[in-house]
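Read through the structure below, which is laid out as structure tokens, and then see the notes.
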Amino acid sequence: MTDRPLNVDDPLDDFEHRHISLLGHDRLVYVTGSGPAVIVMTEMPGISPHVARFARWVRDAGFTVYMPHIFGKDGAVPRMPGALFTMIGGCISRQFRAFQANESSPAVRWLRALAALAHQECGGKGVGAIGMCFTGNFALSMMLEPAVLAPVLSQPSLPINDPAGMHIAPDELAAVKARMEAEDLTVLAYRFEGDKFCKAARFEAYENALGDRFIGRVLADEHANPDSPMKNPHSVVTLHLIDEEGQPTRQARDEILDFFRMRLNN
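Written out as structure tokens, the structure is:
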């Protein structure tokens, strides 16, 4: 069920809590569903009830969700000052290099290994991956893993200090582009028009680098959930999604699910 309350902590009790060891590092991963695998990477400040709701939508669409702990308190409604401390920790962590353009986060190496494992466990044509906000760029870097066929960048927000920067090393970007051309793959990306953390310049940079392999969607600010505690329109498929028929944010969610179906189902 995806109709759990969003204003209280989510126990994530419908997910299997797995400790997965890869590349010498053991991490907690929340797994649920059946079918081809999709890696759901949380936005800041962690796996909130809104992020968990999106993961359940992916599960209910016919996929096995692998949702790794990356930062924050899993299942918690974002609260101050804890959320602020998590964001500061992420910004200074060497695993993320949040202020570096033309570099990839070291954390992505483990996520690529997770994608390879998930494909081995679940089968199908390949693996989907969606990153949001702080992890938004990660889905593109994950394409260095051959199993990843369906990358989605939702409001990619790194590097923090360079609106036109791309959070991926140039050699990796070249390898990803070559693979997309060779295998006729695309990447989906989403942002709100007035988002202060993911501005138009970032999408322009990706369009210039990837050409028509980059499919960017820009939603009008007026379509962000007005009841969200975060007034900057930002989180397309979580905090700012309006779960009503005809709403552009719900249409974005459905497009993402259709993208996964097209790329991953046999």
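The numbers in the sequence shown follow my numbering, run straight up by one, and end at 328. Here a beta-carbon is modelled for each residue, glycine too, at the ideal position from N, C-alpha and C.
- Note that the C-beta distance between P111 and L173 is not below 8 Å.
- Beyond the five residues adjoining it in sequence on each side, A177 comes within less than 7 Å, by CB distance, of I101, V189, A191, M204, E207, A209, V210 in the same chain, given in chain order.
- Look at the beta carbons and you see the segment 259-275 touching the segment 218-227: at least three pairs across the two are nearer than 8 Å.
- At a cut-off of 4 residues, the continuous stretches assigned as alpha helix (DSSP H) that sit fully inside the segment 248-274 are 262-272.
- Between G193 and P218 a beta carbon distance of about 7 Å is seen, short of the 8 Å cut, so the two are scored as contacting.
- For V238, the three-state secondary structure derived from DSSP is helix.
- Exposed is the label assigned to N328, since fewer than 16 other Cβ atoms lie within 10 Å of its Cβ.
- Taking 4 residues as the minimum length, the alpha helix (DSSP H) runs contained wholly in the segment 86-124 are 111-122, in order along the chain.
- Between the segment 236-245 and the segment 279-291, the count of Cβ pairs shorter than 8 Å is below three; the stretches do not touch.
- Sequence-distant partners of A180 (beyond 5 residues in either direction) whose C-beta falls short of 6 Å from its own C-beta, in its chain, are A99, Y128, V189.
- Annotation: R89 to A169 spans about 12 Å, alpha carbon to alpha carbon.
- Between S216 and Y268, the gap from beta carbon to beta carbon reaches 8 Å or more.
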